[in-house]
Structure formats: C-alpha cells, structure tokens
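Visitor: Counted from 1, the sequence shown has number 427 at position 427 by full-length UniProt numbering; the numbering is strictly sequential. Where a beta carbon is used, it is the ideal one built from N, C-alpha and C, also for glycine.
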Amino acid sequence: MTANEWTIRQKSILALCALAIVLDGFDTQVIGFAAPALLADWNITKADLAPILGIGLLGMALGAAAGGFVGDRFGRRVGMIASTLVFGLATCAMAGAESLWTLGILRFVAGLGLGGALPIAAALVAEFTPPNRKSLAVSISIICIPIGGIVGGLFAAPLLPIIGWRGLFIIAGVLPLAVAVVHLFTLPESPSFLESREDQRVNPRKEAKLGAALTEQEGTRPGFFRSLSSQHLLGDTFALWAAFCASLMSGYLYFNWLPVLLADAGFELSATSVGLLVYNIGCVVAGVAVGAIATQVGTRGPLLLLAAFGAVGALALMLFPPTPSQSELLMIALAVQGFCLGGVQPLLYALAVHVFPPQIRATGIGSAASVGRIGAILSSALGAIVLAWGAQGFFLSIAIAQAACAACILLVRRHDTGSVRTAPNPV
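(1) State the Cα-Cα distance for the pair V202 and C17, rounded to the nearest angstrom.
(2) Here's a check: name, in chain order, each residue in its chain whose Cβ is nearer than 8 Å to the Cβ of G288, leaving out the five neighbours to either side.
(3) Would you report the Cα separation of S192 and T129, rounded to the nearest angstrom?
(4) Is the beta carbon of V274 less than 8 Å from the beta carbon of L387?
(5) Between which two residues does the alpha helix (DSSP H) containing F395 stretch?
(6) Alpha carbon to alpha carbon, how far is V412 from V181?
(7) Check this for me: beta carbons of A47 and P176, under 8 Å apart or not?
(8) Could you check the C-alpha separation between L304 and E127 for me, to the nearest Å?
(9) Taking 8 Å as the threshold (beta carbon to beta carbon), is A66 in contact with chain B?
(10) Roughly how many angstroms separate the alpha carbons of A286 and G338, rounded to a whole number?
(11) Let me know the alpha helix (DSSP H) ranges lying completely inside the region 61–96, each 4 residues or longer, listed in chain order.
(12) How many Å lie between F69 and G372 at the Cα?
(13) Between the alpha carbons of P36 and R300, how many angstroms are there, rounded?
(14) Under a three-way DSSP split, which group does L233 fall into?
(15) Compare the C-alpha of Q359 against each of N43, L58, A65 and G71 and name the closest.
(16) Taking 8 Å as the cut-off, decide whether the C-beta atoms of A308 and D416 are in contact.
(17) Apply the 10 Å Cβ neighbour rule to T363 and answer buried if 16 or more other Cβ atoms are within range, or exposed otherwise.
(18) Using 8 Å for Cβ pairs, my map puts residue 428 next to C408. What's the rounded Cβ distance?
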C-alpha cells in the first residue's frame, strides 16, 4: 500500500464515522424541526424557547472542547462511542420532558455529546486517510451534518403531524444508540493516537490490515497552547476560531429559526420543514463539490468565494423577503444559501486538520468547534431578536456574519494548497 492509496478499509472507517455524524446532524436540528409544534403544544413564545436553544448550544461548545481533549488523551474510538451514547440517551429523554426547565437540562446534556462527536470524527477520518485525500474525506464527514438534517426533514414533514414532537425526539434518540453499539464492535483506534502512547506500540501488520495511513509521527505530547506557540500557530488559530464562530452563527440561525421565520411569514407547517430540508440539500451538494475542488486547488479560494456569495445571497433575500406566493423561488434561494454556507463549514474543518499537527489535532479541531459554538449560542438569542424585525433583520444578520467569516479566512496563513501545488507546511 502506497502513502497515497485510499483503500476500501479506510473508506469503511469514513463510512462508520459518517453514520454517527448523520445522526449528530439529525439530533442537532431536531429541536428546530420540533419548534413550531412545541410552541403550539405548550402555548409558549419564541422568546421562551430561545434559552433552550442557547443552553443546548452551550452544551455543544463544552462538548466540543471536552471531546477534543478526550480524543487526544483517551483515544478517538472511546470518545466517539461515548459522545454518541450521550446524545442518543439525552435526546430520547427529551421526549418525556414536561417543562422548559427539564427540556433545557436534557438538551444541554445532549449538546455535550453532539459537540464532542464532530471533532473526534474529523480527526479519526483524517488519520485513516492518505494526505492527498484528506480535504475530500473530512468534507464528506462534515457534510453528514446537513445530511442528518435532510433525514430529519424527511421524517419531520410527514410524521410531525402524526407522532408529534415527542415521537420525533424518540426516533432521533434511538438511532444513535444503535450506531454506538455498531461502533463498539467495528470502529478501530487511530494509529496516530496509538503511536503517541508510550505504553502502547502499533502492530504494523494489524494496522496494515486496517488500511491506516501511517504517514504522520507524533512523538511526545506537549501542551496545547505550548504547541501553538512553539509552532507559530497562534495567529492562524485565532483567525480560524473567529471564522468558525461567524460560520456557525449563520448556520444555526437557519437550523434553529428558519422554520419559525417561515411559519411567521404564513407558510404551512409542512413547508417550514421542507424549507430547512432544501437548505440542507444545498449544504450536502456543496460539501461534496467543494471537497473535491479543494483537494486540487486548496482551501483558501473556495472558502473565500463561498463566504462572499453567501453574504451576497443573504442580502438579496433581505431585499426580497419570502412570501407564501413565491414558495418555489424561496426554495431555490434557500438551496443556494445552503450551498454557500454549507460549503464553508466542511472546508473549515479540512483547514483545521491542516493547521493543527497530529499530537494536538483533536484538541485543536475541538477548540475551533467549541469557540465556533459561541456563534451558535449567540444565534439562539440573536434569532429571537432579529425575527422581531422580520425577514429583513434575519437575513441581514446572516450577511454580516458571512462577510466576517470571509475576512477571517483571509487572515489564515497555513492553508492547504491542494495537490496541484506542494503545500509549504505539509502535515
């Protein structure tokens, strides 16, 4: 096996991680799908629901940081299985909530698992993928978040009127529990992690069977910030954190508040789920397309173009807000927005894989995702505020966030330059 050979076994590990991230995406967005029915059932306002969304995102922020630490300290496999169990059990329990207080606590616990799974999956996928395929593989794993949203939309639109929001939470919780059991018997540990353990040695024959991309050496494990300082990564890290923050603010404004925005604009309940479904389809198409492009040309150009076009598209929606009589045109616009915003997020993870060296990779990706969740947390409060201004305020806030994301991307120096050029800082 050559260093650039992408084997079937390596792809199967990508598939195992992707399966968990699909359900991570489903459970992340399930509160948005359930929101209109929940508001009506409990006779509460959007302002009442905003703290629930915010505390769930806080759990995701803490979970991303903790998940990255667990992945670097105890192993990617352990962290992945534990994270999936946590968000599956907590989401199941949300179906029995009888008060906002209980729902908020359970959503926070679910958020810990939801936040922890993603950075661990990105690190594990990168470490089982040859260097010339990393951007594509990581992008594929991250776009499983919107794929989960598509799955949720397909469930929610026809089933929500029948099974209600409680039934939706049960479905969203049982599925990841089943995946955790599958991972327990099939998911291998990262060879890069095993190499970093002084008390464990990689068995070359065993890892060759796994198809591990043994192209990285870790050595000893220094502290996170010490590593950033010694390798001159502080500037890139702060810029990457800010880009994650702006990008996730935009994405979660859509995930959490688009169904409510459309309901306020007079769209039927089923159409609110379809709108988020279409947005997620745009995200998936973008993830595959830009992942393949970035493999060839690098991350800087595609990231800048997507963020800029996302800002311009949001401004267009601000000037021409959606109405029920123009639903087809709105769905096209949401698909384009999904393509632009959804293309940025997986490439940011691919960029993070390139920025952080193996010994701090899971922690580095987790730190970026954790800081990014600050933007997601802000979106829960910001959404309730800007929706009072109507669609114009909603889409203007997204345009500003995407413009800020583009500016931060410009500040990152250590971009993946793609296979058509030799990267100046190979990982």
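Guide: With the structure as the only source:
(1) With a pLDDT of 48 at V202, under the threshold of 50, the modelled position of that residue is not reliable, and no figure is offered here.
(2) It should be pointed out that residue 288 corresponds to Val in this sequence rather than to Gly. Excluding five sequence positions before and after V288, the CB atoms of its chain that fall closer than 8 Å to its own CB belong to S139, I140 and I143, given in chain order.
(3) Here the alpha carbons of T129 and S192 stand approximately 11 Å from one another.
(4) No, these two residues do not count as a Cβ contact at 8 Å.
(5) Residues A391 to L411.
(6) V412 and V181 have their C-alpha atoms spaced approximately 39 Å apart.
(7) Between A47 and P176, the C-beta spacing is not below 8 Å.
(8) A direct Cα-Cα distance of roughly 26 Å separates L304 from E127.
(9) No chain B appears in this structure, which consists of one protein chain only.
(10) Note on geometry: alpha-carbon atoms of A286 and G338 lie some 8 Å from one another.
(11) Counting only runs of 4 or more, we get 76–94.
(12) Their Cα atoms are separated by approximately 16 Å.
(13) Using only the alpha carbons, I get a separation of about 38 Å.
(14) L233 falls in the coil class under three-state DSSP.
(15) If we check each option's Cα against that of Q359, G71 comes out closest.
(16) No, Cβ-Cβ distance for A308 and D416 is not below 8 Å.
(17) With 16 or more other Cβ atoms within 10 Å, it is buried.
(18) Given a span of 1 to 427 for the chain in the structure shown, any question on residue 428 remains unanswerable.
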